Every structure is written in C-alpha cells, then in structure tokens.
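Please read the structure below before turning to the comments.
Chains as they are written, first to last, in the numbering used here: chain H, 39 to 445; chain L, 39 to 445.
Right, here's the structure in full:
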C-alpha cells in the first residue's frame, strides 16, 4: 500500500469533543495531501482511570478478563467520536474495536501480546476511501474474549498496525513535542532531538521517560518501522525514532539524561553468601508479578553480605512482604527500605565506542557533592541511585557535563 | 435446559457500584435456589444520555453506525461491573457484549432487528457453572458491525435470549413494582395487577405506559414467553404478562387506564374531499420517519373536510413543515396545531365481549364536564383526546367508573 501512514493520538489529545474535532482537522489535512490513513486512538483523558476506580468500588481484585471488558470501552468511545468528527468535516471514516479489526492476542488479560492482525477489513475500508479509526490498547483472544495490551498499549497497536499494513511511517501524537536531551521542566536548555535510535529510546523508556511504551519500541525495532513522535497540539517538528546509523555513532556520545523518582530501594542485610540465595529471592519476587530494576550485591569477605535492589514504588508494599518472608527462610538479617531515592541515567549509543563516559559522569556528580548509592550499567546507559532531593541538581550537572544543551 | 431464568435489570437498578452490588446479591440468591441464570443489563443510569450528549457536541447528525459503536459501550460497562460484583460474592460469572454472544441483527443501525442468536458460547459457559451476563440493547450485523435495538432494546435482548435458550420465564427488573390499573401517582387507589395479557400490555405500551418496550412484548407474545415485571429494589410480587386466558375473559372488562401528555394535535382545514388526499399526506409524513398516532376525518357534506391527527411532541416541528407543504400542494386551507392536549385510554381484552364500554367511558367524562375532542378505538382499547388540564381528573373518573381500585 502506497502512501499509507499510521497515526496514534494519545488520551490527552482526545480528552473532550473540542479536542477530538481538532484531531479530526489534523487528520483530514493529511488526507488532503493524498495519504491513506489508519488512526489509532487512546481513551479520552482520564476515562481509563475513572473506569478502574469504578471497578475498585466493586472489588479490590477484579478478575482480569472482566477488567479488559470494562477498560476497552474507553477507546471504543473515542474512536466512535473521532469517526463522527471526521465525517462532520465531509470525509469518509469508519471506526473499529480491536476485536472487529481482528487484532488477535494471547489470552493474558490486562497485558496480552499480539499474535496476528487480520488486515482484510481495514484494507477493504481503505479501498472504499475511508479513513480507518481503530481503538487502541485492545485486542481479542482466540475465543473472542476482549483483551488489553497493558498501559501505553495504544502505542503497540499503532506500531503493529504499521507493520502488518506495510506503512512507511508510524506517527505518535502526544502531549510533548518530541524526545528531549532531558526533561525541559528541569533543564530549560534541554534540546529536542531530531532523531534517536530504537535502542536509546528503549533504554530511556525503561529508565523513566514516559513518552512511549517500551514494548512498542521493541516491536518497531524488530521490524524497522520508523516512528515519529510529535505534538498533537502544534505543527512543530518532532523526533524520529529510527535504526541506529553510522552517522549517529559519529555524533554525540550521550543522547540524553533521564531521571526517575518512582523507585524505592530495599536491602536485605546479613545474607548468607551461598549459591542460590539470590535466585531464590528474585524468583519469589518475580512470581509476585513485580519487576525488579537495579540489583547490587557487594562482594563478601565475611561469608555474609547485603543485597540491595530497587522496585517501582507502587510495588513496594507487596515486595516488602515477599522479601521479609524469604529473609526468614534463608536466615538473613533485617529488611530495610528507602523511598527517598531517585535515579539519574545517561543514555547514548556513542558510549559503546567511547571510553571514559562513566568517569565523566561520576566526576560531574562528585563536583556537586552528590553521593552515589548504587550504580548499574548497560551497553548504552549508566544509572546512579542518589538521594531524591539532589535529583534535579544531578540532571542539570550531567546535562552540562555532556554538553547536551542548545548551542 | 431446565430451571433456566433470563433476568433483565434496567439502567436505574445498576446506576452506581452500590446498586450493582445489590443486583449481584439478588442474582446469587436465585443461583442458591438452583436456577441457571442468564442476566441482561442496561447501561448504568444516565450513561446513554451522556454519550448521546457527547456525540451531539461533535455533530448534530452523527452517523448511525458510529452512534451504535458509541452507545453500546454503556451496557458493556455495566455487564463487566456486574460480573465482577458476582465474582466478589464467590460465584462464577462471565460477561459478554452482544457481538461476542452472537446476537445477529440486520444492519438497520440504531433500531436493528434480531435475526438470530448463536447460543453456543452461552450454553458452554452455563455448563461450566457460570452466571452469564449479557450486555442488553445491542447486537452485531452480518459484517461484524455493532448495532443497537432502539430505546428499551434491553427488554428485547432479554425476551429473545429467553426464547432461544428455552427459558421458562423472563424476569424484567425495573424501578416500578409491576403493572398498575393506572398511574399510582395520579390515583392512589391504583391496584397492582397480578397478571395481564400480552395484547393488553402491548396496547398500554403504545398508549403511553413506559414499563416495557412494545417490540419485546410482541416477541414474547409470538413465542409465548411469560414475562414477570417486578421491582429491582424490593421483593414484593410483580405482574405476570402472559397469554390471554379464558379466566381473564371472565374477569374485569377493563384492565387499566393509561394517559399520555406527550402528543400534539395537527389539523389541516378545508381539505378537498377526493380519494388519495389522505394517502398522499400520511405517506409524506411517514417518509419523514414520523409515527402518526390518532387520525380523525369528519364526514364531509360540502366537498371539503378537516383532517386531524396526533404525533409525538418531539416530532411536531418536523410534521408541521411537511404538513404545510402538502396542504399547499393539495390546495387545502390552513394548518393549525395544538399542544395543550392529552390522551386518556382504557385498555382491556374484556371489552371484546362486553358491549357498552364506550358509552360508559364517554358518560364518565361527561359527568365531569370534560369535552372529548377526538376518539379512536382498537379491538381492546378506547382513547379520547381531551384538554391537557383535565387529564388527571379524567383518569380518576375512569378508574372509578370501571371500578379498578383496591377493594
């Protein structure tokens, strides 16, 4: 299919009828340029949170199948309204739920994985001249049950549709103008990037940047689908997320500084240092559905050691319970936790070929007398856990040290 | 299937999480008595009106396919929440949209007709021990588009499911306790009926009683499915709607007095009295999607006559426009209208075999000096149009004249 674009509009851009009309005007402007369009929409504004609240008034632990049934209505509402708004402008449009359009997933309710998309109906409607609107975030399992794809799942719907339809570009319209070298609210000199590699974006997403869902970037990377992140509220240029290029390697060593205040640190003290202990602990935590982020275990000289790790704050209570149980079983000491931490990270594919990046990071923090409590590294990122109150100072220090600001 | 009941809960009984929990308790009480249950729910409270309002903020004339896509979310929300509430009580439940459960309709969006229901999934889930919750008011067309069944369509969903599943009873839970001899707010002596025939109920529905959708009663009559109308808020006995029985014929002549304040009268004056004139007029009005209720044409001695008819008030403006156009075309006189009218009707299968019912009605009104402006009759009802200000007095007079009150 030639000249087909997939566009995705986030919940903040379809929060009310006026905004939906604005989105419709944007879409038909593309249509006028001769593009075929498949548009993915999220639920309007706070609808998803309101539906979750309704469910929790019924029961603290709603069954996940019913939760998907409930939550999928949000996107169905916005896609019907958007189709109406486009029709009002005199263009042909038709809306579909995930089920209707054949977004087949496994049956892992609330975080289903896409297996396949049946493109027949979409292509049929495109051929009739329709702008096709698809409810994001949702699919259907083999036995016709509605599933959802996890928080931010509309991004995944958009990328997956771009893949199966052979679209040349997947545009993500959101409430920020693109990807920045760091949070512009903290560092006014932060620069919007023209492009960034999938790997860097993935790393940033997992390190706290909330622009796009990590799974959707993985999928885009796997099938090499270019993504263009831009504002739903103005026409300024955004940021392309693309395959890593030679040119990019010769570019800046570091692309961005990210931060996260949403983690808590746990430490099990006085752990017997024998094989299998860590495996035991983290298996139990994983089976509780909790993602552990950084893990640090010191080399032990005494036969006993401390293990520290971080989890997302909402998971802290559940993690504490599991960790205390495991600590008793393995005859370890007390379990302590700390919510006053933050993480700063630097991300860049350039660090693969540039030595000395870590030492530059550590020196910059040291100059500001910011103590580093945990360190973890990946091939293209370095993260430090520090006291939460220093996090903005740390971000500014690193943004300056790596010369990321506007010229 | 033995001991299967279909229950339908109206929007006012599932308006918020507390009320949904109450409905869940009712349902599991039936389960405890050994019944298999298929439960149809309407959208919570004012949800449907709120969604319509959203659509109208986008466009005054939304496309009907998209309207169905939008409105069907209301029932999806309540059926998911109800399933959660039942599960919370420790019982097995599963919810379905009309599409998922295979309620196949034609593609007349916003007022689709049911063609067939695929019962396989419902029976499968009943056999697994589930209470099956089905979103009312909605179905799916042959090409997988979501359709809705018109206002009050959840009643139709319930009756149709009772039919295809071979249920012995279809219970309609609503915000009134049953069918009364007349509106108890007007006549405190009004009596709740133990049973009423399909035909009488149909007549009452079309004469202004809003307890149940007329199409659903037609369907129940066609397949002889007993309906039990009762309150969702208490356990008092309600009213059975059943096939006309011999016993009922020997019972009271008149079952109920109904009223409607929602009509307006139009008169075309000075109409040339030649064949085809009335056909012409009412064909044009019907093609505008307007239902005409009563029609009166006086016998003409002069070669010219007056034609009066009533329509629902919301249709008055549109009807006036059409009628004036036709009046010009046929060379008739002026078109006048009157919104200050009301209709009182008496309904009862007994009048088929009892002469003198009409004269008793007219005399009762005459005793109260209430002038009759139009009369129309059916096999089991007589309606009179009167001045609106007299309507409550007329209802009380008729209720007394036919001795319908409590003994």
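C-beta: ideal position from N, C-alpha, C; glycine also. Quick caveat: nothing in here was measured; it's all calculated off a predicted structure.
Could you confirm whether any beta carbon from chain H is found closer than 8 Å to the beta carbon of residue 304/L?
For the purposes of this step, residue 304/L is identified with residue 266 of the second chain, where counting begins at 1. Not one chain H Cβ lies under 8 Å of residue 304/L.
By how many angstroms is the C-alpha of residue 353/H removed from the C-alpha of residue 329/H?
Numbered from its first residue, the first chain carries residue 329/H at position 291. Numbered from its first residue, the first chain carries residue 353/H at position 315. For the pair residue 329/H and residue 353/H, the Cα-to-Cα distance works out to about 8 Å.
Any residues in the region 47 to 70 of chain H with a beta carbon nearer than 7 Å to a beta carbon of chain L? Which ones, in chain order?
From the region 47 to 70 of chain H, only 55, 58, 59 have a Cβ closer than 7 Å to chain L.
To test your reading of the DSSP string, which unbroken beta strand (DSSP E) runs of 3 or more residues are found completely within the region 80 to 168 of chain H?
Qualifying beta strand (DSSP E) stretches, in chain order: 131 to 134, 141 to 143, 152 to 155.
Please determine, among 172/L, 199/L, 397/L, the residue with the shortest C-alpha to C-alpha distance to residue 265/L.
On the second chain, position 227 is the one that residue 265/L refers to. For residue 265/L, the nearest C-alpha among the options comes from 199/L.
What number of angstroms, rounded off, separates the C-alpha of residue 374/H from the C-alpha of residue 323/H?
Against the first chain, residue 374/H aligns to sequence position 336. Against the first chain, residue 323/H aligns to sequence position 285. Counting only the Cα atoms, residue 323/H lies some 16 Å from residue 374/H.
Can you grab the Cα-Cα spacing for the pair residue 417/H / residue 333/H, in whole Å?
On the first chain, residue 417/H is found 379 positions in, with the first residue counted as 1. On the first chain, residue 333/H is found 295 positions in, with the first residue counted as 1. Spanning the alpha carbons of residue 417/H and residue 333/H requires a straight line of approximately 16 Å.
I need the boundaries of the alpha helix (DSSP H) containing residue 242/L, first residue and last residue.
Within the second chain, the letter at position 204 stands for residue 242/L. Where residue 242/L is concerned, the enclosing alpha helix (DSSP H) starts and stops at 236 to 244.
Enumerate in chain order the residues of its own chain whose CB-to-CB distance from residue 108/L is below 7 Å, with the five nearest sequence positions on each side excluded.
The residue you call residue 108/L lines up with position 70 of the second chain. Excluding residues within five positions, the ones whose Cβ falls inside 7 Å are 89, 93.
Let me know if residue 313/L comes out buried or exposed under the rule of 16 or more other beta-carbons within 10 Å of its beta-carbon.
What you label residue 313/L is simply residue 275 of the second chain in a count that begins at 1. Flag for residue 313/L reads exposed.
Sorry if obvious, but does the Cβ on residue 103/H come closer than 7 Å to a heavy atom of the ligand FMN?
What this structure holds is no ligand at all, so the ligand FMN is not there to describe.
Are the region 432 to 439 of chain H and the region 207 to 227 of chain H in contact at 8 Å, needing three or more beta carbon pairs?
A contact exists between the region 432 to 439 of chain H and the region 207 to 227 of chain H.
Going along chain L in order, which residues have a C-beta closer than 8 Å to the C-beta of residue 101/H?
Indexing the first chain from 1 puts residue 101/H at position 63. Within chain L, the residues placing a beta-carbon under 8 Å from that of residue 101/H are 121, 122, 125, ordered along the chain.
Where do the ends of the alpha helix (DSSP H) carrying residue 57/H lie?
What you label residue 57/H is simply residue 19 of the first chain in a count that begins at 1. In the DSSP assignment, residue 57/H falls within the unbroken alpha helix (DSSP H) covering 55 to 70.
Residue of 393/H, 387/H, 80/H minimising C-alpha distance to residue 292/H
Taking the first residue of the first chain as 1, we reach residue 292/H at position 254. Considering only alpha carbons, the answer is 387/H.
Is there a Cβ from chain L that is less than 8 Å from the Cβ of residue 118/H?
Indexing the first chain from 1 puts residue 118/H at position 80. Closer than 8 Å to some Cβ of chain L, the Cβ of residue 118/H qualifies, so yes.
Spell out whether any CB of chain H is found under 8 Å from the CB atom of residue 93/L.
Here residue 93/L is taken as the residue at index 55 of the second chain, counted from 1. Answer yes: the Cβ-Cβ gap between residue 93/L and chain H drops below 8 Å somewhere.
Proximity winner among 190/L, 150/L, 385/L, 164/L, relative to residue 180/L (alpha-carbon distances)
As a position in the second chain, residue 180/L is number 142, starting the count at 1. Ranking the options by Cα distance to residue 180/L, first place goes to 150/L.
With a cut-off of 8 Å, does the C-beta of residue 104/L fall near any C-beta of chain H?
To locate residue 104/L, count along the second chain from 1; it is residue 66. Residue-level contact check: residue 104/L touches chain H, since one or more beta carbons of chain H fall below 8 Å from its beta carbon.
Are residue 155/H and residue 129/H closer than 8 Å when you measure CB to CB?
Here residue 155/H refers to the residue found at position 117 when the first chain is read from its first residue. Here residue 129/H refers to the residue found at position 91 when the first chain is read from its first residue. With respect to residue 129/H, residue 155/H sits apart: the two C-beta atoms are not nearer than 8 Å.
Using a cut-off of 7 Å between C-beta atoms, extract the partners of residue 133/H located in chain L.
Indexing the first chain from 1 puts residue 133/H at position 95. 104, 107, listed in chain order.
Does DSSP put residue 41/H in a helix, in a strand, or in coil?
Taking the first chain and counting its residues from 1, one reaches residue 41/H at position 3. Reduced to three states, the DSSP call for residue 41/H is coil.
Using only alpha-carbon positions, find the residue among 239/H, 276/H, 268/H that is nearest to residue 259/H.
Counted from its first residue, the first chain places residue 259/H at position 221. Nearest C-alpha to residue 259/H among 239/H, 276/H, 268/H: 239/H.
Taking its Cβ as the centre, do 16 or more other Cβ atoms sit within 10 Å of residue 397/L, making it buried, or is it exposed?
Position 359 of the second chain, counted from the start, is the residue given in the question as residue 397/L. Around the beta carbon of residue 397/L, fewer than 16 other beta carbons lie within 10 angstroms, which makes this residue exposed.
The alpha helix (DSSP H) that contains residue 185/L, what's its start and end?
Taking the first residue of the second chain as position 1, residue 185/L is located at position 147. Residue 185/L -> not in any alpha helix (DSSP H); beta strand (DSSP E) instead, spanning 184 to 186.
Going by Cα to Cα distance, which pick from 98/H, 42/H, 424/H, 393/H is closest to residue 71/H?
Within the first chain, residue 71/H is the residue found at index 33, counting from 1. Of 98/H, 42/H, 424/H, 393/H, the residue nearest in Cα terms is 42/H.
Between residue 138/H and chain L, is any beta-carbon pair separated by less than 8 Å?
Here residue 138/H refers to the residue found at position 100 when the first chain is read from its first residue. Answer yes: the Cβ-Cβ gap between residue 138/H and chain L drops below 8 Å somewhere.
Within 10 angstroms of the Cβ of residue 383/H, are there 16 or more other Cβ atoms? Answer buried if so, exposed if not.
In the first chain, the residue the question calls residue 383/H occupies position 345. Buried, by the Cβ-count rule.
Using 10 angstroms around the beta-carbon of residue 437/L, count the other beta-carbons present and answer buried if the total reaches 16, otherwise exposed.
The count along the second chain starts at 1 and reaches residue 437/L at position 399. Flag for residue 437/L reads buried.
Taking just the CA atoms, how far does residue 139/L sit from residue 202/H?
In the first chain, the residue the question calls residue 202/H occupies position 164. In the second chain, the residue the question calls residue 139/L occupies position 101. One C-alpha to the other measures close to 28 Å.
When you compare only the Cα positions, how much space is there between residue 423/H and residue 402/H?
If you number the first chain from 1, residue 423/H lands on position 385. If you number the first chain from 1, residue 402/H lands on position 364. Each residue's alpha carbon lies about 14 Å from the other.
What are the boundary residues of the alpha helix (DSSP H) that residue 431/H is part of?
Taking the first residue of the first chain as 1, we reach residue 431/H at position 393. That run of the alpha helix (DSSP H) goes 429 to 439.
Contact with chain C by residue 97/L, beta-carbon distance below 8 Å
Given the protein chain composition of this structure (H and L), no chain C is represented.
For residue 261/L, does the count of other Cβ atoms within 10 angstroms reach 16, so buried, or fall short, so exposed?
Numbered from its first residue, the second chain carries residue 261/L at position 223. Residue burial annotation: residue 261/L is exposed, with fewer than 16 other C-beta atoms found within 10 angstroms of its C-beta.
Name the chain H residues whose beta carbon is nearer than 9 Å to that of residue 176/L?
The residue given as residue 176/L occupies position 138 in the second chain. Here the premise fails: no neighbours, minimum Cβ distance about 12 Å.
Indicate the three-state DSSP secondary structure (helix, strand or coil) for residue 352/H in the structure shown.
Here residue 352/H refers to the residue found at position 314 of the first chain. Helix.
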